[in-house]
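Notes follow once the structure below has been shown.
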Amino acid sequence: MESLSWWHTIRFSPEVATLGRCDPSALTDAYLLDTIDFRGKDVLDIGCWDGFQSFYAEARGARRVVGIDDTSQRPDGAAAREFTKRKLRSGVEFVECNVYDVSLDRLGSFDIVMMFGVLYHLIHPMLGVEKACSVAKSDVLLASYVMLTDQSVPWCVLFPGRELCDDDSNWSGVNASWVRAALDIQGFAVDREQPYNTNYRTFHARRTRNEHTENPMLNAFRDTRLFLR
Ligand SMILES: C[S@@+](CC[C@H](N)C(=O)[O-])C[C@H]1O[C@@H](n2cnc3c(N)ncnc32)[C@H](O)[C@@H]1O
100 MESLSWWHTI RFSPEVATLG RCDPSALTDA YLLDTIDFRG KDVLDIGCWD
150 GFQSFYAEAR GARRVVGIDD TSQRPDGAAA REFTKRKLRS GVEFVECNVY
200 DVSLDRLGSF DIVMMFGVLY HLIHPMLGVE KACSVAKSDV LLASYVMLTD
250 QSVPWCVLFP GRELCDDDSN WSGVNASWVR AALDIQGFAV DREQPYNTNY
300 RTFHARRTRN EHTENPMLNA FRDTRLFLR
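Under my numbering, think of the first position of the sequence shown as 100, with each following residue one higher.
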């Protein structure tokens, strides 16, 4: 366990825990996890890294949990989550998959889709939201870095270099208004928001309509249908 790199502190017993850099007790609140009823639900965790949120959903009664990640960005995550899976005798399914490759054909559909800390890593954030929503039957939990300036319009900025946190894997800065609008386009209405760490926010959205059949705008223009499957 000590030879692996951990983002989250995952506790196996009162005496044994991983040497994570992030305190999960703060995360359940930040990510609204404690407000979600996972019992009997099918759950997808996009960008699962070491799997903390996947294991959390499973421990709270989820029926099926799939965690996906493109590990080219965080190669340490795969070994850490497989170690934890064995240790917990967990049934979480981990799949190497980029969010852009998410589809009903590849993964099936889920009651709850979680996408925490991924949006700002995406050069195509709208496509990321669309992909997450495309396999979500009822709930989407999305947590992201958000820009705190002008909220009167949905906007998104590109970070071509290391402008955000001196990290060149960060590409996009959206404001909260953008997240709400992007989810709304895909048929989801935000019903709860939780700010945390100043610039971060979790959005809990519920499906209000079937976006592709009931949103005439999405059906009318080819550019919004390019990636739909
Ligand atoms: C900041 S970490 C967040 C980890 C975890 N979800 C959390 O909130 O603590 C971002 C994760 O998203 C993954 N990731 C980044 N871009 C991705 C993409 N295009 N598709 C799938 N996973 C991606 C990274 O590999 C990393 O594990």
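Even glycine gets a Cβ: it sits at the ideal position worked out from N, Cα and C.
How far does the alpha helix (DSSP H) with residue i in it extend, from its first residue to its last?
i: I284; result: A275 to I284
So, with DSSP's three-state summary, where would you put residue i?
i: P123; result: helix
i: T134; result: helix
i: F287; result: strand
i: D144; result: strand
i: Q250; result: coil
i: S153; result: helix
i: N309; result: coil
i: I109; result: coil
i: D128; result: helix
i: L327; result: With a pLDDT of only 49 at L327, under 50, the local geometry of the prediction cannot be trusted, and the value read off the model is given with reservation. DSSP places L327 in coil when its eight states are reduced to three.
For the beta strand (DSSP E) holding residue i, just list the boundary residues, first then last.
i: A304; result: Y299 to R306
i: C255; result: C255 to L257
In the DSSP assignment, what residue or residues form a beta bridge with residue i?
i: P294; result: R300
i: V115; result: DSSP lists no partner for V115.
i: G260; result: DSSP, once it has assigned bridges, lists no residue as partnering G260.
i: L241; result: M214 and F302
i: G139; result: For G139, which the question treats as bridged, DSSP gives no partner whatsoever.
i: S102; result: DSSP, once it has assigned bridges, lists no residue as partnering S102.
i: S271; result: L257
When you measure from the CB of residue i to every non-hydrogen atom of ligand 1, does any distance come out below 7 Å?
i: G176; result: yes
i: L221; result: yes
i: W106; result: yes
i: D128; result: no
i: G245; result: The amino acid at residue 245 is misidentified as Gly; the sequence shows Val. No, the beta carbon of V245 sits no closer than 7 Å to any heavy atom of ligand 1.
i: C147; result: yes
i: D168; result: yes
i: Q285; result: no
i: V198; result: yes
i: F111; result: no
i: V329; result: Lying outside 100 to 328, the shown extent of the chain, residue 329 is not represented and no answer is given.
i: Q152; result: yes
i: R306; result: no
Give a yes or no on whether the minimum CB-CB distance between residue i and chain C is below 8 Å.
i: A288; result: The chain inventory of the structure shown lacks chain C, comprising one protein chain alone.
#### Entry: Uninterrupted beta strand (DSSP E) stretches inside the region 157–237 (no shorter than 3 residues)
163–168, 192–195 and 209–215
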